[in-house]
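Asker:
2 protein chains.
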Amino acid sequence: MESQHPNDCLYYLVTRVSLSLTSLLKKRLVESGCDFVKPAYIGVLLWLWMDDGMGTMLGKFGKDEGIKLNDLGKLAGLEPSSMTGLIDRMEKDGLAVRANDPKDRRVTNIQLTQKGINVRKHILEIMDTVTKEIFATIPKKQEDIALDVLKKILISASNLEKF
Amino acid sequence: MESQHPNDCLYYLVTRVSLSLTSLLKKRLVESGCDFVKPAYIGVLLWLWMDDGMGTMLGKFGKDEGIKLNDLGKLAGLEPSSMTGLIDRMEKDGLAVRANDPKDRRVTNIQLTQKGINVRKHILEIMDTVTKEIFATIPKKQEDIALDVLKKILISASNLEKF
DNA sequence: TGACAATATTACGTATACATATTATATGTA
DNA sequence: TACATATAATATGTATACGTAATATTGTCA
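First to last, the protein sequences are chains A and B. For the first sequence, the numbering used here assigns the number -1 to the initial residue and increments by one for each residue that follows. For the second sequence, the numbering used here assigns the number -1 to the initial residue and increments by one for each residue that follows.
(1) Got a sec: is the Cβ-Cβ distance from Tyr9(B) to anything in chain A below 8 Å?
(2) Could you spell out where the beta strand (DSSP E) holding Asn68(A) opens and where it closes?
(3) I need the DSSP call for Thr111(B), collapsed to helix, strand or coil.
(4) Quick check on Pro4(A) - is its C-beta less than 8 Å from some C-beta in chain B?
(5) State the CB to CB distance for the pair Ala144(B) and Val147(A), rounded to an integer number of angstroms; the pair is presumed to be in contact (CB under 8 Å).
(6) Quick test of your reading: Arg96(B) and Ile108(B), contact by CB under 8 Å. State the CB separation rounded to the nearest angstrom.
(7) With Phe133(B) and Glu141(B) assumed to form a contact (beta carbons below 8 Å), what rounded beta-carbon distance in angstroms separates them?
(8) So is Asp33(A) buried or exposed if we call it buried at 16+ other beta carbons inside 10 Å?
(9) Report yes if the C-beta distance between Val12(B) and Val105(A) is below 8 Å; otherwise report no.
(10) State the DSSP-derived secondary structure class of Thr54(A), mapped to helix, strand or coil.
(11) For Ile124(A) and chain B, any beta-carbon pair shorter than 8 Å?
(12) Taking Ala144(B) as part of the beta strand (DSSP E), name the residues at either end of that continuous run.
(13) With 8 Å as the threshold, decide whether the Cβ of Gln140(B) is near any Cβ in chain A.
(14) Determine whether the Cβ of Leu17(B) lies closer than 8 Å to any Cβ atom of chain A.
(15) So, do the stretch 34 to 45 of chain B and the stretch 81 to 95 of chain B have three or more beta carbon pairs nearer to each other than 8 Å?
(16) Return yes when the Cβ of Ser154(B) is within less than 8 Å of the Cβ of Thr135(A), no when it is not.
(17) Mind listing the chain B neighbours of Glu159(A)? Cutoff is C-beta to C-beta under 8 Å, in chain order.
(18) Quick one: measure Cβ to Cβ for Arg14(A) and Leu152(B), integer angstroms, because I've assumed they're closer than 8 Å.
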């Protein structure tokens, strides 16, 4: 159990990359005049955009009235208590709104505003540009493997947390 | 610029994996009686442990008196303003101490306590176990590629932030 | 030496996320 | 129907990280 170099440690690498990418993305968002889209919003916006206009992409979760706050949290991997503040901030920034569910008064449905829908194209372009820059010097095959491994880690980490 | 599935998005994957691994690691730390080691400490502990007893591994940064708070922050990828609170908490948990630098009174040197040195073996074992579990179903070759890509992303993200 | 620039650290406010407790509502069962 | 239980969301306090400003110390140059 030798003291390995931090750069050989999965946890170290993932947390530093997460911080770096968030910092870079934030900078690009501000530069392009989209400072009302905080990096943390993107984890839920990606899911909300899949439901944009169609109400089918989210499967059993998608509804005309939006999506349940709790279900959105499950999709995005966030605790309910984290969702409250996040949706508060997204409402304040005009990207989403809360709506009461007439069938279950406990439920809060989350809907995109027109602003939240319109900003999609621009944000996806920024994300795409950043990703291309990041992977510029990395062979496509390795990029694919890395993304695939990250997907698998996400699944296995979720499973391991239950025990 | 289609709305891709969140799981195909680099930023989404990295941030979710970071959250998942942090949650899993925290659980294992608490279970094993090491709740005084918070996940956030590990990013700097890994660097401090490299200097344990030898004072050479950190190159020009390593000194008998510890390592400068700012230099430690640079190694761990944290802003100076983030370091203050982090070291506060590590001192409170008995893992590190601040020491004045007699040669430059602006400087605060960070030193591991005996407790911080002793806990190394146990923490590295936990990290190793978690990593093995995470990668259990992933071919070694893909694991190596993924780690290598993460290292490269860290470098390119740092470079891109300057522009 | 005295003024000014550079460096190191901290202070303060904000963003992000969690755990736990609480409130409101819904559901199942006696 | 009444009560126990489950579910949805929020409130509160803490951990983590950043940006900006303030403070203290040191270095530099005229």
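Beta carbons are placed, not taken as given, at the ideal position from N, Cα and C, and that holds for glycine. These numbers come from a predicted model, not from an experiment.
Answerer: Concretely, from the data shown:
(1) Here residue 9(B) corresponds to residue number 11 of the second sequence, with the count starting at 1. Closer than 8 Å: yes.
(2) The residue you call residue 68(A) lines up with position 70 of the first sequence. Where Asn68(A) is concerned, there is no enclosing beta strand (DSSP E), although the alpha helix (DSSP H) it sits in stretches over Leu67 to Ala74.
(3) For the purposes of this step, residue 111(B) is taken as the residue at position 113 of the second sequence. Here Thr111(B) sits in coil by DSSP.
(4) In the first sequence, counting from the first residue as 1, residue 4(A) sits at position 6. It does: the Cβ of Pro4(A) has a partner Cβ on chain B nearer than 8 Å.
(5) For this step, residue 144(B) is matched to residue 146 along the second sequence. For this step, residue 147(A) is matched to residue 149 along the first sequence. Right, their Cβ atoms sit about 4 Å apart.
(6) Against the second sequence, residue 96(B) aligns to sequence position 98. Against the second sequence, residue 108(B) aligns to sequence position 110. So it is a contact: roughly 6 Å between Cβ atoms.
(7) Sequence index remark: in the second sequence, residue 133(B) carries index 135 (1-based). Sequence index remark: in the second sequence, residue 141(B) carries index 143 (1-based). So it is a contact: roughly 5 Å between Cβ atoms.
(8) If you number the first sequence from 1, residue 33(A) lands on position 35. It counts as exposed.
(9) Translated into the one-based positions of the second sequence, residue 12(B) becomes position 14. Translated into the one-based positions of the first sequence, residue 105(A) becomes position 107. Cβ distance not < 8 Å, so Val12(B) and Val105(A) don't count as in contact.
(10) Mapped onto the first sequence, residue 54(A) falls at position 56. Confidence in Thr54(A) is poor, its pLDDT being 45 and thus under 50, which makes the residue's placement unreliable; the coordinate value appears in the next sentence. Residue state, collapsed to three classes: coil.
(11) As a first step, residue 124(A) must be located in the first sequence, where it is residue number 126. It does not; no Cβ of chain B falls within 8 Å.
(12) Reading the second sequence from its first residue, position 146 is the one you call residue 144(B). It is not in any beta strand (DSSP E) - Ala144(B) instead sits in the alpha helix (DSSP H) that spans Lys138 to Glu159.
(13) Position 142 of the second sequence, counted from the first residue, corresponds to residue 140(B). Chain A contact via Cβ: present.
(14) Position 19 of the second sequence, counted from the first residue, corresponds to residue 17(B). Answer yes: the Cβ-Cβ gap between Leu17(B) and chain A drops below 8 Å somewhere.
(15) yes
(16) Here the question's residue 135(A) lines up with position 137 in the first sequence. Here the question's residue 154(B) lines up with position 156 in the second sequence. Yes, these two residues count as a Cβ contact at 8 Å.
(17) Numbered from 1 along the first sequence, position 161 holds the residue referred to as residue 159(A). The answer, in chain order, is Ser18, Ser21, Leu22 and Lys25.
(18) Residue 14(A) sits at position 16 when you count from the first residue of the first sequence. Residue 152(B) sits at position 154 when you count from the first residue of the second sequence. Right, the Cβ-Cβ distance comes to about 6 Å (below 8 Å), so this counts as a contact.
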